[in-house]
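In what follows, a structure is listed as structure tokens, so that the remarks can point back to it.
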Amino acid sequence: MSSRKPASTKTKSLTVKQATLDLLRAFGIRRVFGNPGSTELPFLSDWPDDIDYVLGLQEASVVGMADGYAQATRNAGFVNLHSAAGVGNALGNIYTAHRNQTPLVITAGQQARSILPLQAFLHADRASEFPRPYVKYSVEPARAEDVPAAIARAYYTAMQPPCGPTFVSVPIDDWTHQVAPISARKVAREIGPDHEAMQALVAALAASKHPALVVGPGVDRAGAVDLMVKVAEKAKAAVWVSPFSARCSFPERHPQFSGFLHASPGQLSDALRPYDLVVVIGAPVFTFHVEGHAAIFDGTTTIFQITDDPDAAAVTPAGSSIVTTMKPALSMLLEMLPDTKRAAPAGRTLPPAPSAADPIPVEFLMHSLSSAMPADAALVEEIPSHRPAMQKFMPMRGQDSFYTMASGGLGYSLPAAVGMALGRGDRHTVCLIGDGSTMYSIQALWTAAQRKLPLTVVVINNAGYGAMRSFSQVMQVRNVPGLDLPDIDFVKLAEGMGCNAVRVAKASELVPSLQRSLGHKGTSLVEVIVDSSVPLLYAQKG
Ligand SMILES: Cc1ncc(C[n+]2csc(CCOP(=O)(O)OP(=O)(O)O)c2C)c(N)n1
Ligand SMILES: [Mg+2]
Numbered sequence: 022m023s024s025r026k027p028a029s030t031k032t033k034s035l036t037v038k039q040a041t042l043d044l045l046r047a048f049g050i051r052r053v054f055g056n057p058g059s060t061e062l063p064f065l066s067d068w069p070d071d072i073d074y075v076l077g078l079q080e081a082s083v084v085g086m087a088d089g090y091a092q093a094t095r096n097a098g099f100v101n102l103h104s105a106a107g108v109g110n111a112l113g114n115i116y117t118a119h120r121n122q123t124p125l126v127i128t129a130g131q132q133a134r135s136i137l138p139l140q141a142f143l144h145a146d147r148a149s150e151f152p153r154p155y156v157k158y159s160v161e162p163a164r165a166e167d168v169p170a171a172i173a174r175a176y177y178t179a180m181q182p183p184c185g186p187t188f189v190s191v192p193i194d195d196w197t198h199q200v201a202p203i204s205a206r207k208v209a210r211e212i213g214p215d216h217e218a219m220q221a222l223v224a225a226l227a228a229s230k231h232p233a234l235v236v237g238p239g240v241d242r243a244g245a246v247d248l249m250v251k252v253a254e255k256a257k258a259a260v261w262v263s264p265f266s267a268r269c270s271f272p273e274r275h276p277q278f279s280g281f282l283h284a285s286p287g288q289l290s291d292a293l294r295p296y297d298l299v300v301v302i303g304a305p306v307f308t309f310h311v312e313g314h315a316a317i318f319d320g321t322t323t324i325f326q327i328t329d330d331p332d333a334a335a336v337t338p339a340g341s342s343i344v345t346t347m348k349p350a351l352s353m354l355l356e357m358l359p360d361t362k363r364a365a366p367a368g369r370t371l372p373p374a375p376s377a378a379d380p381i382p383v384e385f386l387m388h389s390l391s392s393a394m395p396a397d398a399a400l401v402e403e404i405p406s407h408r409p410a411m412q413k414f415m416p417m418r419g420q421d422s423f424y425t426m427a428s429g430g431l432g433y434s435l436p437a438a439v440g441m442a443l444g445r446g447d448r449h450t451v452c453l454i455g456d457g458s459t460m461y462s463i464q465a466l467w468t469a470a471q472r473k474l475p476l477t478v479v480v481i482n483n484a485g486y487g488a489m490r491s492f493s494q495v496m497q498v499r500n501v502p503g504l505d506l507p508d509i510d511f512v513k514l515a516e517g518m519g520c521n522a523v524r525v526a527k528a529s530e531l532v533p534s535l536q537r538s539l540g541h542k543g544t545s546l547v548e549v550i551v552d553s554s555v556p557l558l559y560a561q562k563g
């Protein structure tokens, strides 16, 4: 028998709520993102001055903002939602946080334990199951006293690579229970690579005639872009971006930067055909969006993967995977790589600047925005049909410069940009977003305007779901309803929520409007009416 005292005899000196707030402070969490309801009131009562409650007006925006903020600050975002309905509204962006590998601790209110058996108003049935499978840990603690430890566990689990959201459902009457304080602990998160596996990778790189590195969001997420550049330069390898990379992990003006891989098995295989060795770093092998033959897996190309995600390693169809966090792996690679006599590969050639025209060509908008943005600005993007144009005309800087969602779920980037702006201090944030995408979580603008966040939202208005028009062509389907979005006035919507806003329909007005908006101290929106013709996505050339 253990001689330890049973837990119930420990000193009980504070409430579940105080213990939770103390944990947040110890974890360096100074903001809580939420939308309140009756089941959360005991948590929110007498709110302390040192923790900022960030109000979002719909739960998709709440979670999107927390995600952007967590990415900007590299600490878990803390979220407080309202029972089943609040979690339901949030689910799309919880899925996105899972795909983004963003650490979030999501709490939700629950009805009082005593009336749960009566299926009371606002109760959540099987609350911990609702956000699964997109949370790494999910619980409604068995006892009120277990809530702070559950929140601590949710934090450590969310922050451990592969990072992601976790969930704790808290009955309304738990917050006022007495509990023993719990201390925050240090949990080291880097995991080093297997030495033998790294030796095999180094040998393959040394023997390769034409190696390619395929970099994905994991590198930028780990703050390892500078290391990545050193490895690429030492290896004299071509550098490609993994399909749908949600962050920029390599400077896109670097001479070895070769371009973006398509999420099409055929096109990706064609692009990688010249290389005898492909090393995928911080990305899945590979994220596809359309069907096709992945000749890359036929056995002629040697494939290695460096990933912090054991699941990503497990689903990889070919080659060798090394499960490790990025910094130890890239440092070891840099140390072990021998100098090479290979000639450095020639990177991509950037196209000439596009010309102004009316209606405004999207390419001209991209180029103008890229030139007008301050050097330290970050871009948060959700422009499904215009990504190829952005990739051509807006070369990103590198570390912490570019964000989008890894999920494909719209309604992420506007609130994420608001959270990003909140986490980036004085440095400007730009959200580049389609008219359709803007409408999914439009109320995030209100939070930004209230707080006068340094954020410029550029809405590309092509009066519709351009990507769906384009996809209809790719899939050869006709007469699809629901793709046109006429008569949305983004200036009025933004002004109605307290933002500065302007509409631009003439190329001659574009640059001055962008400059004014980027210089504005606070949140502003520029609606740009563009040529509504759509590029053919997954076209063989382009
Ligand atoms: C939550 C969600 N609903 C629907 C879709 C399907 N979808 C993909 S792209 C797209 C159109 C987006 O329109 P817009 O933001 O205007 O960009 P455009 O395609 O015109 O460039 C839609 C509806 C999605 N990806 N996510
Ligand atoms: Mg559109």
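The sequence shown begins at 22 in our numbering and counts up by one. All C-beta atoms in this analysis are idealised placements derived from N, C-alpha and C, irrespective of residue type, glycine included. Predicted model only: the values in this text are computed from it and were never measured.
Between the region 439 to 454 and the region 389 to 402, the count of C-beta pairs closer than 8 Å reaches three or more; the two stretches touch. For Q288, the enclosing alpha helix (DSSP H) begins and ends at 286 to 293.
By the CB criterion at 8 Å, L102 and I136 fall outside the cutoff.
Secondary structure note for F64: its alpha helix (DSSP H) is the uninterrupted segment 62 to 65.
Burial of D330 is indicated by the presence of at least 16 other C-beta atoms within 10 angstroms of its C-beta. With a cut-off of 7 Å, the C-beta of S406 is classified as near ligand 1, since at least one heavy atom of the ligand falls inside that distance.
Under DSSP, F511 forms no beta bridge with any residue.
DSSP places P409 inside the alpha helix (DSSP H), whose first and last residues are 408 to 414. For the pair L234 and A253, the CB atoms are nearer than the 8 Å cut-off. Excluding the 5 residues flanking it on each side, T544 has same chain C-beta neighbours closer than 6 Å at A469, A470, L474, L476, C520, in chain order.
Linking P186 to R120 through their CA atoms gives a straight-line distance of about 10 Å. At the C-beta level, T328 and D297 stay beyond 8 Å of one another.
For the pair Q131 and K251, the Cα-to-Cα distance works out to about 50 Å.
Listed in chain order, the non-local C-beta contacts of A315 below 6 Å within the same chain comprise P286, S290, local neighbours out to five positions each way being set aside. Counting C-beta pairs with one atom in each stretch, the region 134 to 151 and the region 73 to 81 have fewer than three that are closer than 8 Å, which means they do not touch. Taken from the Cβ of Y486, at least one heavy atom of ligand 1 lies inside 7 Å. A335 counts as exposed, since fewer than 16 other C-beta atoms from the protein chains shown sit within 10 angstroms of its C-beta. When only Cα atoms are considered, G98 and K230 end up about 44 Å apart. Following the DSSP letters along the chain, one finds I343 inside the beta strand (DSSP E) bounded by residues 341 to 344. Annotation for V168: V37, P162, V191, D195 place their beta carbon closer than 6 Å to its own, counting only its chain and skipping 5 residues before and after.
In this structure, D456 has its CB closer than 7 Å to one or more heavy atoms of ligand 1. If you draw a straight line from the Cα of S159 to the Cα of S82, it comes to about 21 Å. Rounded to the nearest whole angstrom, the C-alpha separation of A224 and L282 is 25 Å. Across the structure, I343 and L355 are spaced so that their CA atoms are roughly 16 Å apart.
In the three-state scheme derived from DSSP, where H, G and I count as helix and E and B as strand, L546 is classed as strand.
Relative to the non-hydrogen atoms of ligand 1, the Cβ of L431 comes within a distance shorter than 7 Å of at least one. No Cβ-Cβ contact shorter than 8 Å links A141 with S104.
The distance from the Cβ of P63 to that of I193 is about 6 Å, consistent with a contact at the 8 Å cut-off. Of the candidates L222, A410, P305, the residue whose Cα lies closest to the Cα of L358 is L222. In this structure, N483 has its CB closer than 7 Å to one or more heavy atoms of ligand 1. Around the beta carbon of S554, fewer than 16 other beta carbons lie within 10 angstroms, which makes this residue exposed.
Annotation for S270: V236, G237, P238, V240, D241, V246, M249, G303 place their beta carbon closer than 7 Å to its own, counting only its chain and skipping 5 residues before and after. DSSP assignment within the region 213 to 268 yields the following whole alpha helix (DSSP H) runs of 4 residues or more, N-terminal first: 216 to 228, 238 to 242, 246 to 256. In summary, R268 is buried, with 16 or more beta-carbon neighbours lying within 10 Å of its beta-carbon over all protein chains present. Cβ-Cβ distances below 7 Å link E211 to T346, K348, P349 in the same chain, with the five nearest sequence neighbours on each side left out; the list follows chain order.
Using a Cβ-Cβ distance cut-off of 8 Å, the region 376 to 396 and the region 421 to 434 are not in contact, since fewer than three pairs of beta carbons, one from each stretch, lie closer than that value.
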